[in-house]
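Protein chains in written order, with numbering that gives the first Met the number 0: chain A, 0 to 130; chain B, 0 to 162.
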Amino acid sequence: METNLLDRMLDTYLTGHTPVTVTLQNKIRVSGRIRAFDSYVIVMEDHKQEILYRHAISCLSPLAQEAHKRQPAANRPAMAKTVNPGPVKSASSHKPRPAQPQTVPPSATEGLNNNMKDGLLKWMREQKAAK
Amino acid sequence: MIFPMDVTKEESRQAIEPQFLSRAQASGITLRIGQMNKTEHEGAIRDIGRYELNLEENGRTVTILKQEMSCVTAPRPILILPMPRQSSASTARTPADAAPGRPNIQHEFLDKAIKENQLLTLYLINGQRIKANIEAYDSFTILLKEGGKQHLYYKHSITTINR
Numbered sequence: 000m001e002t003n004l005l006d007r008m009l010d011t012y013l014t015g016h017t018p019v020t021v022t023l024q025n026k027i028r029v030s031g032r033i034r035a036f037d038s039y040v041i042v043m044e045d046h047k048q049e050i051l052y053r054h055a056i057s058c059l060s061p062l063a064q065e066a067h068k069r070q071p072a073a074n075r076p077a078m079a080k081t082v083n084p085g086p087v088k089s090a091s092s093h094k095p096r097p098a099q100p101q102t103v104p105p106s107a108t109e110g111l112n113n114n115m116k117d118g119l120l121k122w123m124r125e126q127k128a129a130k
Numbered sequence: 000m001i002f003p004m005d006v007t008k009e010e011s012r013q014a015i016e017p018q019f020l021s022r023a024q025a026s027g028i029t030l031r032i033g034q035m036n037k038t039e040h041e042g043a044i045r046d047i048g049r050y051e052l053n054l055e056e057n058g059r060t061v062t063i064l065k066q067e068m069s070c071v072t073a074p075r076p077i078l079i080l081p082m083p084r085q086s087s088a089s090t091a092r093t094p095a096d097a098a099p100g101r102p103n104i105q106h107e108f109l110d111k112a113i114k115e116n117q118l119l120t121l122y123l124i125n126g127q128r129i130k131a132n133i134e135a136y137d138s139f140t141i142l143l144k145e146g147g148k149q150h151l152y153y154k155h156s157i158t159t160i161n162r
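Here is the structure:
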């Protein structure tokens with residue numbers, strides 16, 4: 000008989016990137032993909048990461064078929080993109096980041112920096128003059 | 000030579016829960032599993048682990064933790080126990096897992112209920128109440144018979160037993 004069936008199931012869901020639903024003792028359902036697990040906790044990822052304590056789990060199941068098919072329509076392209084470049088996490092976290100700096104900051108930060116520099120220089124000059 | 004054989008026999012007799020589950024798995028029967036939080040699952044057993052089960056439910060495999068299970072119901076009796084079991088069990092069991100000279104109240108109570116075929120009332124943690132006859136028990140479970148069905152109740156879900 001197997002020593003730990005739950006570990007084996009978690010491993011298959013982890014390696015298969017299977018969306019799963021974890022039901023907790025208080026009937027709360029948490030769904031997402033399993034990112035990692037050890038003997039005490041499971042790291043789940045849906046939109047953000049969360050840690051589930053294994054002692055609070057009551058049941059673990061793959062996401063229902065139709066939901067599984069419907070969701071990937073939105074999710075899977077993103078998944079595929081993130082998977083291809085290599086390490087999943089760095090790719091996914093990298094992607095949005097270039098978009099943000101491009102839209103707002105370059106000029107703004109420069110302006111800010113220049114303002115600060117000017118202010119600082121002015122202040123230093125004033126201090127020197129005072130001495 | 001006789002002693003180890005006797006021990007294994009006794010152990011196999013005592014372990015109701017693995018026997019029940021493996022029979023259910025072998026026969027592919029559809030079981031109903033009630034959980035502590037009153038959710039229910041229905042399906043055939045796929046794999047049996049020490050602390051969890053894999054259940055084939057609507058074509059997908061659901062892993063259920065035994066610690067969260069309160070009862071397993073089989074639509075028909077799947078574990079038929081030999082009758083002489085009860086009388087020998089009470090004598091053979093007490094030295095094994097109880098301090099000598101101390102009465103094991105639980106075993107006495109359950110053995111008596113089995114022998115006299117008493118109707119017991121169980122109260123569960125989640126407030127459920129069950130009236131049934133007890134067929135057998137082991138250290139973690141109690142096997143009940145009620146309306147042609149066989150129920151395996153985990154002791155961790157029981158609060159009280161009345162007779």
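Just so you know, even glycine gets a beta-carbon here, dropped at the ideal spot from N, CA and C.
Since the structure is predicted, the reported quantities are computational estimates derived from the model, not experimental observations.
Does residue i have its Cβ less than 9 Å from a Cβ in chain B?
{"i": "lysine 47 of chain A", "result": "no"}
{"i": "isoleucine 56 of chain A", "result": "yes"}
{"i": "leucine 60 of chain A", "result": "Looking at the sequence provided, one finds serine at residue 60 of chain A rather than leucine. Answer yes: the Cβ-Cβ gap between serine 60 of chain A and chain B drops below 9 Å somewhere."}
{"i": "leucine 13 of chain A", "result": "no"}
{"i": "alanine 98 of chain A", "result": "In this prediction, alanine 98 of chain A has a pLDDT of 42, which is less than 50 and means its spatial position is unreliable; nothing more can be read from the coordinates."}
{"i": "leucine 51 of chain A", "result": "no"}
{"i": "methionine 8 of chain A", "result": "yes"}
{"i": "asparagine 3 of chain A", "result": "yes"}
{"i": "asparagine 113 of chain A", "result": "no"}
Going by other Cβ atoms of all chains shown within 10 Å of its Cβ, with 16 needed for buried, is residue i buried or exposed?
{"i": "isoleucine 27 of chain A", "result": "exposed"}
{"i": "threonine 11 of chain A", "result": "exposed"}
{"i": "lysine 47 of chain A", "result": "exposed"}
{"i": "glutamate 134 of chain B", "result": "buried"}
{"i": "alanine 131 of chain B", "result": "buried"}
{"i": "serine 57 of chain A", "result": "buried"}
{"i": "lysine 65 of chain B", "result": "buried"}
{"i": "lysine 50 of chain B", "result": "Inspection of the sequence shows that residue 50 of chain B is occupied by tyrosine rather than by lysine. So tyrosine 50 of chain B counts as exposed."}
{"i": "proline 18 of chain A", "result": "buried"}
{"i": "alanine 73 of chain B", "result": "buried"}
{"i": "isoleucine 141 of chain B", "result": "buried"}
{"i": "arginine 75 of chain B", "result": "exposed"}
{"i": "glutamine 149 of chain B", "result": "buried"}
With a threshold of 9 Å between beta-carbons, can residue i be considered close to chain A, or not?
{"i": "asparagine 125 of chain B", "result": "no"}
{"i": "threonine 93 of chain B", "result": "With a pLDDT of only 49 at threonine 93 of chain B, under 50, the local geometry of the prediction cannot be trusted, and no value is derived from it."}
{"i": "isoleucine 47 of chain B", "result": "yes"}
{"i": "histidine 40 of chain B", "result": "yes"}
{"i": "threonine 29 of chain B", "result": "no"}
{"i": "threonine 62 of chain B", "result": "yes"}
{"i": "glutamate 16 of chain B", "result": "no"}
{"i": "glutamine 34 of chain B", "result": "yes"}
{"i": "tyrosine 50 of chain B", "result": "yes"}
{"i": "arginine 22 of chain B", "result": "no"}
{"i": "arginine 59 of chain B", "result": "yes"}
{"i": "asparagine 53 of chain B", "result": "yes"}
{"i": "glutamate 134 of chain B", "result": "no"}
{"i": "glutamate 145 of chain B", "result": "no"}
May I ask you to report which of helix, strand or coil DSSP gives residue i?
{"i": "methionine 115 of chain A", "result": "helix"}
{"i": "histidine 40 of chain B", "result": "strand"}
{"i": "glutamine 127 of chain B", "result": "coil"}
{"i": "isoleucine 133 of chain B", "result": "strand"}
{"i": "lysine 148 of chain B", "result": "strand"}
{"i": "methionine 8 of chain A", "result": "helix"}
{"i": "isoleucine 160 of chain B", "result": "strand"}
{"i": "arginine 28 of chain A", "result": "strand"}
{"i": "isoleucine 32 of chain B", "result": "strand"}
{"i": "leucine 109 of chain B", "result": "helix"}
{"i": "proline 74 of chain B", "result": "coil"}
{"i": "leucine 80 of chain B", "result": "coil"}
{"i": "arginine 49 of chain B", "result": "coil"}
With a CB to CB cut of under 6 Å and the five nearest residues on each side skipped, what residues in its chain are close to residue i?
{"i": "leucine 20 of chain B", "result": "Ile47"}
{"i": "alanine 43 of chain B", "result": "Gly27, Thr29 and Glu55"}
{"i": "glutamate 145 of chain B", "result": "Ala131"}
Within the same chain, show all residues whose beta-carbon is closer than 8 Å to that of residue i, passing over the 5 residues directly before and after it, in chain order.
{"i": "serine 156 of chain B", "result": "Met35, Met68, Ser69, Cys70, Leu123, Ile124 and Asn125"}
The ligand SAH heavy atoms versus the CB of residue i: any closer than 8 Å?
{"i": "asparagine 114 of chain A", "result": "By its list of ligands, the structure shown contains no ligand whatsoever, and the ligand SAH lies outside what it can speak to."}
With residue i and residue j assumed to form a contact (beta carbons below 8 Å), what rounded beta-carbon distance in angstroms separates them?
{"i": "isoleucine 63 of chain B", "j": "isoleucine 15 of chain B", "result": "Actually they do not touch by this definition, with Cβ atoms about 19 Å apart."}
{"i": "isoleucine 77 of chain B", "j": "alanine 112 of chain B", "result": "So it is not a contact: roughly 21 Å between Cβ atoms."}
Excluding the 5 residues flanking residue i on each side, which residues of the same chain have their C-beta closer than 7 Å to its C-beta?
{"i": "leucine 62 of chain A", "result": "Pro18, Val19, Thr20 and Ser30"}
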